[in-house]
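This report concerns only the one structure given below.
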Amino acid sequence: MARRSAGFVSKKPHRKSRGGCLTCKRKKVKCDEAQPACGYCALRSLDCEYPTEMKSRSPSTSSESTTSTEQLATVAIASHNQVEFNDLTYQIPNWIFPAAYTSTGQLTAEDLELLHHYKTSTWQTFAVRGDASIYVIHREIVPQLSISHSCLLYALLSIAAWHRNLVQPSKLLESKAFLYRQKTFSTYAKELQNITSDNYETILVTGTFLLALTPPPDGNTEQHEYLDWIYSLLKLSEGLRILVGLQWSRGIEKLSVYPLICRELRSLPPPPLISHPAMQTRAGPLGTTPDHPNPASTYDLPHVLPFAGYVFLPPPLMALLDGILHPEGTRLDLDANTLVPVFYVLSPIFLSLYYYHRSPDYNVRVMVFTSFLMPEFLALVKAKEPRALVLMTWFFVLADLLPKGWWVNAQIEFVMKALGWAVRERGEGRVLVAIEGAERIFRTSQLYGQERAAESIFYDWEGVEWDEGPRKAEEWELGLLIDLSLVDDNSFGFGGVDLDTSV
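FYI, full-length UniProt numbering numbers position 379 of the sequence shown as 379, with every residue one higher than the one before it.
Encoded structure:
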């Protein structure tokens with residue numbers, strides 16, 4: 001057996017090291033880098049010296065990872081003690097955000113903050129319908145779609161920057177809102193050149209956001225600029241209607257974003273029978289597609305078919321409609337075919353308000369109103385035809401009754417002034433009475449609130465009582481249930497009972 005000398009020490013495996021003391025480097029052995037003396041030098045009672053950069057390390061720290069952990073913990077505790085996280089002015093460090101890649105490339109920290117602001121706050125200004133499906137679309141589906149489609153991503157960033165600038169005014173946010181708005185329109189135009197099943201939903205959603213991306217004039221501008229803004233909104237709505245029409249008859253309700261463009265949430269009871277000549281007039285074919293200017297008929301059940309051609313409008317609008325249908329003398333109204341359908345578009349909105357008051361169904365009908373307007377009517381608005389402007393005035397009054405989060409609410413006061421100015425320039429007689437009726441409701445909303453304003457619509461409406469609407473709707477719905485139960489009984493051989501279920 002070989003004898004070992006007293007100075008011989010068996011080599012034990014060492015972890016790989018790029019550092020090490022000077023002695024180990026000179027001996028070409030592995031150094032365990034222990035301090036103040038490594039294991040090799042301590043066993044041999046040798047002087048253990050490290051290079052200068054190694055000496056700068058803390059002798060109380062056993063490894064580099066421990067040092068880093070303690071330093072990060074110290075920074076985190078200090079930051080927690082010094083930062084008020086509810087302070088909107090606090091700037092989150094860039095390194096805290098993970099890299100996020102989208103169709104436009106890697107998002108910056110500022111972009112991520114804007115997306116977060118959209119998901120936590122901005123989306124609520126659009127989800128005014130009040131049903132859960134809309135909440136999910138705006139808060140979850142839309143942000144997901146935007147990651148892979150640049151036009152929608154730019155739209156969200158622009159809207160978020162605009163909304164955040166209202167809360168926390170900043171020149172940077174203002175410039176970002178404008179920049180992303182420009183990018184939205186340019187990328188959207190490119191998407192329209194190649195509509196496919198992959199980008200169709202994104203194009204529809206972006207189209208709805210374009211309405212909010214059309215900036216209103218400043219409150220101190222001329223009245224005609226607000227009229228031009230209204231016309232711009234109507235043209236954008238027309239474009240959206242055309243896009244929706246591409247898929248409307250081929251199962252558009254299967255789309256995940258369909259709730260954004262659906263036109264009603266429920267069928268409505270027939271209007272109360274009120275004696276008025278105009279109520280016996282039909283507006284032409286009613287349809288559910290954008291090919292027809294009128295809303296879908298909600299009076300399509302067998303026992304209410306006789307009421308399908310009736311309209312339900314406040315007295316000032318009824319009088320205006322009567323003047324169009326029955327002009328004085330033998331003079332024909334050349335714009336009658338263009339104006340009359342719009343009265344029928346307004347009718348279900350008033351009917352929903354009467355039976356179900358300010359409800360999600362009412363909100364939907366107001367928000368899709370512009371999608372029913374045909375190019376001929378838009379031409380009358382552009383030409384400032386008084387009766388067309390009166391109808392638009394009533395629309396904005398109805399829009400003022402929507403939840404205050406809607407983006408256009410802040411502009412309604414200026415819009416009302418502009419429309420009133422234009423109507424009074426050329427209108428007379430029934431036209432002036434009609435616009436004064438709309439202005440009275442708007443003033444009531446400003447002074448006493450939306451609920452009082454909604455009720456005031458029916459003040460001078462003979463045979464119609466605000467408080468009776470929900471009760472009559474409940475009776476009508478109960479009648480439908482009874483009819484269905486009789487059908488079920490008859491299908492099983494039971495005899496039915498002839499019940500009068502009319503309201």
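Cβ atoms here follow ideal geometry from the backbone N, Cα and C, with glycine treated the same way.
Residue environment, residue i, which counts as buried when at least 16 other CB atoms sit within 10 Å
i: S150; result: buried
i: G463; result: exposed
i: K28; result: exposed
i: P386; result: buried
i: V205; result: buried
i: I195; result: exposed
i: E174; result: exposed
i: M121; result: Correcting the residue identity first, residue 121 is Ser in this sequence and not Met. With fewer than 16 other Cβ atoms within 10 Å, it is exposed.
i: P285; result: Because P285 sits at a pLDDT of 44, beneath the cut-off of 50, its placement in the model cannot be relied upon, and the point is left open.
i: T69; result: Reliability fails at T69, whose pLDDT of 45 lies under 50, so the model's placement of it is uncertain and the value that follows must be treated cautiously. Exposed.
i: H224; result: exposed
i: H117; result: buried
i: S186; result: exposed
i: N220; result: exposed
i: K176; result: buried
i: D467; result: exposed
i: P375; result: exposed
i: C41; result: buried
i: L268; result: buried
i: P341; result: buried
i: E33; result: buried
i: L389; result: buried
i: A161; result: buried
i: T108; result: exposed
i: Y355; result: buried
i: P295; result: Confidence in P295 is poor, its pLDDT being 49 and thus under 50, which makes the residue's placement unreliable; the coordinate value appears in the next sentence. Buried, by the Cβ-count rule.
i: C262; result: exposed
i: S197; result: exposed
i: Y188; result: buried
i: P327; result: exposed
i: A410; result: exposed
i: L243; result: buried
Backbone secondary structure at residue i - three-state DSSP
i: Q124; result: helix
i: G105; result: strand
i: Y40; result: helix
i: A34; result: coil
i: Q247; result: coil
i: H117; result: helix
i: R452; result: helix
i: W461; result: coil
i: H80; result: Per-residue confidence for H80 stands at a pLDDT of 45, beneath the threshold of 50, marking its modelled position as unreliable; the derived number appears in the next sentence. Residue state, collapsed to three classes: helix.
i: P327; result: coil
i: residue 507; result: Outside the displayed range of the chain (1 to 503) lies residue 507, so it cannot be described from this structure.
i: D335; result: coil
i: W466; result: coil
i: S146; result: helix
i: C21; result: coil
i: E110; result: helix
i: P316; result: helix
i: residue 518; result: The question about residue 518 has no answer, for the chain in this structure spans 1 to 503.
i: V257; result: coil
i: S45; result: coil
i: D322; result: helix
Integer-rounded CB distance, given that residue j should sit under 8 Å from residue i
i: A422; j: L227; result: 6 Å
i: T202; j: L145; result: 5 Å
i: K417; j: Y231; result: Not confirmed; about 17 Å, so no contact.
i: S445; j: L401; result: 7 Å
i: A212; j: I159; result: 6 Å
i: L265; j: D335; result: About 32 Å; that fails the 8 Å criterion.
i: L346; j: L234; result: With a Cβ gap of about 15 Å, L346 and L234 do not count as contacting.
i: G323; j: R471; result: Contact doesn't hold; Cβ gap of about 34 Å is too wide.
i: P348; j: V128; result: Not a contact, Cβ separation roughly 18 Å.
i: L157; j: L114; result: 5 Å
i: F395; j: F369; result: 6 Å
Report the start-end ranges of each alpha helix (DSSP H) in the region 159 to 228 that is 4 residues or longer and not cut off at the edges.
171 to 192, 200 to 210
Can you give, in chain order, each stretch of the alpha helix (DSSP H) that sits fully within the region 343 to 398 and has at least 4 residues?
360 to 367, 375 to 382
Output the residue ranges of the alpha helix (DSSP H) runs that lie fully inside the region 398 to 447 and measure 4 residues or longer, sorted by chain position.
412 to 426
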